[in-house]
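Asks: Note that our numbering has the sequence shown beginning at 2, numbered continuously upward. We put the beta carbon where it would ideally sit given N, CA and C, even for glycine. So that we are looking at the same thing, I have put the structure below in structure tokens.
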Amino acid sequence: MRKLPIFCLLLAALWAGCTQDPSDQISALENALATSFQESTLDSLITAYEQGIQGDAGSSEKLHYASQLAVLKYDHKGDGSSAVQVLNDALGKYSKGQNLTESIGVLAKLWTGYIYKAEPTHKLYPEDIDLMKANLQKNTPWLDSNLVVLSTGMMNTQTGAMDKAKADKFIEVSEAYGNIAMSMNQRDKFVEIMLKAAGVAKSIGNSNKALQMYYQVENTFPNHPKAPTALFMSGFIYENDLQDLEQAKAMYEQFLERYPNDPDYTDDAQQALKYLGKTPEELIREFEKNAQAQ
Numbered sequence: 002m003r004k005l006p007i008f009c010l011l012l013a014a015l016w017a018g019c020t021q022d023p024s025d026q027i028s029a030l031e032n033a034l035a036t037s038f039q040e041s042t043l044d045s046l047i048t049a050y051e052q053g054i055q056g057d058a059g060s061s062e063k064l065h066y067a068s069q070l071a072v073l074k075y076d077h078k079g080d081g082s083s084a085v086q087v088l089n090d091a092l093g094k095y096s097k098g099q100n101l102t103e104s105i106g107v108l109a110k111l112w113t114g115y116i117y118k119a120e121p122t123h124k125l126y127p128e129d130i131d132l133m134k135a136n137l138q139k140n141t142p143w144l145d146s147n148l149v150v151l152s153t154g155m156m157n158t159q160t161g162a163m164d165k166a167k168a169d170k171f172i173e174v175s176e177a178y179g180n181i182a183m184s185m186n187q188r189d190k191f192v193e194i195m196l197k198a199a200g201v202a203k204s205i206g207n208s209n210k211a212l213q214m215y216y217q218v219e220n221t222f223p224n225h226p227k228a229p230t231a232l233f234m235s236g237f238i239y240e241n242d243l244q245d246l247e248q249a250k251a252m253y254e255q256f257l258e259r260y261p262n263d264p265d266y267t268d269d270a271q272q273a274l275k276y277l278g279k280t281p282e283e284l285i286r287e288f289e290k291n292a293q294a295q
């Protein structure tokens, strides 16, 4: 008779463990990792995500778990191959009818790592690369959605400064999207995305990234209506952000040679060359001299 109560207690404990919502454990581990990074907490959260994907959670929760698992494996474990496989698999199984803003945004991060040969993704299997690319190509509306989400609140309206973390993610997703747009022969989309991202890069002081993106636009599509903007902005960055007057002069001269009749920036390029390198005092004296002459 004594064994029956013990058996009942064991059964009750087992039942409670089986019915406990795994999302509570995952939420607690996410908060703990965000508060204080510990390798043990990271490993526990990775295990919890893996169990959550295999459990009874809904499709949206499993996509979230897979997305966050992929980020942890890529960022903290240097395991790009596993990250890509996890997310590709989740998109294949659980994406139907779901909001893919988060998942496609993470996949874009992984794709940017791949196209720039970042260490975690330099050993991907060809089939994983092809599937990752296909998932991005068929889900470009979700890439647009991800960029909208990232841009929301990116600018602090009180200080006028950008949130660098959001800006960096915006640039990262934009680079992936631009590459995918090129693969789909979407010239205008490529130019639109790259110009916006270059502007964001300039705003957070990442002049080299901005120059890289402007160069891609003007060099790839020199006859595009927005190509003059890209070339002029390159000169502007060299002059005003990097104080490299030699390169600025070269960019402005190149602009006037290639786009002498551009309605938006020809006058600006001419003026920039005229006053390049002059101090504010020198400019004031020159303006006063011209005013007296008139």
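(1) What are the boundary residues of the alpha helix (DSSP H) that includes Ala162?
(2) Whole angstroms are fine: how far does the CA of Pro229 sit from the CA of Gln52?
(3) From Val72 to Thr158, what does the alpha carbon distance come to, in whole angstroms?
(4) Among the residues of its own chain, which have a CB less than 7 Å from the CB of Glu120, if the five just before and after it don't count?
(5) Decide if Gln217 is buried, meaning its Cβ has at least 16 other Cβ atoms within 10 Å, or exposed.
(6) Taking all protein chains shown into account, do 16 or more other C-beta atoms lie within 10 angstroms of the C-beta of Glu247, making it buried, or fewer, making it exposed?
(7) Using a Cβ-Cβ cut-off of 7 Å (strictly less than) and excluding sequence neighbours within five positions of Leu212, which residues of its own chain qualify?
(8) Ignore the nearest five residues each way along the sequence and tell me which others in Gly106's own chain have a CB closer than 7 Å to its CB.
(9) Once you ignore the five residues that flank Leu257 on each side, which residues in its own chain have a CB closer than 8 Å to its CB?
(10) Along the chain, where does the alpha helix (DSSP H) that runs through Asn147 open and close?
(11) Leaving out five residues on either side along the sequence, give the residues of the same chain with a beta carbon under 8 Å from the beta carbon of Leu11.
Replies: Checking against the coordinates, here is how it stands:
(1) Looking at the DSSP string, Ala162 is not in any alpha helix (DSSP H), and its letter there is neither H nor E.
(2) 52 Å
(3) 30 Å
(4) Gly79
(5) buried
(6) exposed
(7) Ser235, Ile238
(8) Asn147, Val174
(9) Thr267, Ala270, Gln271, Leu274
(10) 141-152
(11) Residue placement at Leu11 cannot be trusted, given a pLDDT of 35 that sits under 50; what the coordinates show is reported in the next sentence. Excluding residues within five positions, none has a Cβ falling inside 8 Å.
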